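K.L.:
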Amino acid sequence: MRIDWGKLLLYMLALLVAQRVVFYVLAAMGLSGLTLIITFDLVVSFLFTYLYYPSFNRRYALKDPDFYKNWGIFMIVLLIFDML
15 MRIDWGKLLL YMLALLVAQR VVFYVLAAMG LSGLTLIITF DLVVSFLFTY LYYPSFNRRY
75 ALKDPDFYKN WGIFMIVLLI FDML
């Protein structure tokens, strides 16, 4: 899997900033943002994994066991970033 790390990190930074803004808006309204953070991480990690899967083979992505391994890795990385 070939990854453009600069673009990926820029997208991750932008999405994490957007996530923090929504989290603090919900906190100001008195709502819990924990469910939002976990759901956001699941969706974003799936999108990153799907978009960085080789385009010629993308239709078989869900059948590939490595796809789910990469999805888990992206999910763990996003959760670690959320703890910062």
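Heads up: the sequence shown is residues 15 to 98, going by the working numbering.
Here a beta-carbon is modelled for each residue, glycine too, at the ideal position from N, C-alpha and C.
The model shown is predicted, which means the values in this text are computed figures rather than measured ones.
From D18, M26, V57, pick the residue whose C-alpha is nearest to that of F95; which is it?
P.N.:
M26
K.L.:
Do L92 and S69 come within 7 Å of each other at the CB atom, strictly closer than that value?
P.N.:
Taking a C-beta distance under 7 Å as the contact criterion, S69 and L92 do not qualify as a contact pair.
K.L.:
When you compare only the Cα positions, how much space is there between F37 and M43?
P.N.:
10 Å
K.L.:
At the level of alpha carbons, what is the spacing between K21 and Y74?
P.N.:
24 Å
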